[in-house]
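Novice: This is the structure I have questions about; it appears just below.
Residue numbers (the working numbering): 29 to 221.
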């Protein structure tokens, strides 16, 4: 029987997502990833070359999933609040993703996974916002990159800084995900209109 390389790689990536989200790139252990996947740990080195490259592969795969699930098409750029709400929904359904990005920011500042591809992806979003600005549907008071950064920051903060949310907007934070999403959408619409 032939070895199913694609299936084995996917098992390892799936197990690595959980391991890296829970422990970060420094605290993650190859042995735990292999155990979760039910695969010999030597396969990780064979397919990915080691822990750091496995973390990069995990980030790349998860970033592609987010980009596919929550696009920012030109016709959607007029309502960045809706976009922020869709990103919020994605993060709520995939809480590991925000944790992975937080770990990357904390421990991998000098080595950003897929930096060129990610920059190209964000450049497309920035161009979409710039077009919406030219059409008059998004404020021109801020540069399009600043707007994108603000939308991402506001959205992710509900997940990465829940303690701050409870202190600053306790009624909203204590109101659950629906209240948080509604407040986010409203804030982004007000800031970008």
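Note that beta-carbon positions come from the ideal geometry of N, C-alpha and C, so glycine has one too.
(1) Just to confirm my understanding: we take residue 115, look at its own chain, exclude 5 residues before and 5 after, and list those with CB closer than 7 Å. What are they?
(2) Does DSSP put residue 188 in a helix, a strand or coil?
(3) Is the separation between the beta-carbon of residue 40 and that of residue 65 shorter than 8 Å?
(4) Do three or more CB pairs link the stretch 181–200 to the stretch 114–128 at distances below 8 Å?
(5) Compute the beta-carbon to beta-carbon distance between residue 168 and residue 161, rounded to the nearest angstrom, for a pair I have assumed lies under 8 Å.
(6) Quick check: does the Cβ of residue 108 come within less than 7 Å of any heavy atom belonging to the ligand SAH?
(7) Can you tell me where the alpha helix (DSSP H) with residue 103 in it begins and where it stops?
(8) Using the C-alpha atoms, what's the distance from residue 55 back to residue 46?
(9) Excluding the 5 residues flanking residue 130 on each side, which residues of the same chain have their C-beta closer than 8 Å to its C-beta?
(10) Using CA coordinates, which residue listed in 79, 221 and 150 is at the minimum distance from residue 136?
(11) My assumption, with CB atoms under 8 Å, is that residue 61 sits in contact with residue 43. Please give the rounded CB distance.
(12) Run the CB neighbour count on residue 34, radius 10 Å, all protein chains shown included, and call it buried at 16 or more, exposed below.
(13) So, with DSSP's three-state summary, where would you put residue 69?
(14) Would you call residue 204 buried or exposed, if buried means 16 or more other Cβ atoms sit within 10 Å of its Cβ?
(15) So, under 8 Å CB-CB, residue 86 and residue 128 are touching, yes? Tell me the CB distance rounded to an integer number of Å.
(16) What are the boundary residues of the alpha helix (DSSP H) that residue 42 is part of?
(17) Let's see if you can read the secondary structure: which residues bound the alpha helix (DSSP H) around residue 167?
(18) Extract the residue ranges of the alpha helix (DSSP H) inside the stretch 115–178, only unbroken runs of 4 or more that lie entirely within it.
(19) Answer with buried or exposed for residue 172, where buried requires no fewer than 16 other C-beta atoms within 10 angstroms of its C-beta.
Specialist: Here's the rundown:
(1) 98 and 183
(2) helix
(3) yes
(4) yes
(5) 5 Å
(6) The model on display carries no ligand, and the ligand SAH is accordingly not part of it.
(7) Note, residue 103: premise wrong, no alpha helix (DSSP H); not H, not E.
(8) 12 Å
(9) 188
(10) 79
(11) 5 Å
(12) exposed
(13) coil
(14) exposed
(15) 7 Å
(16) 33–55
(17) Unbroken run through residue 167: none, as it is neither H nor E.
(18) 123–135 and 143–162
(19) buried
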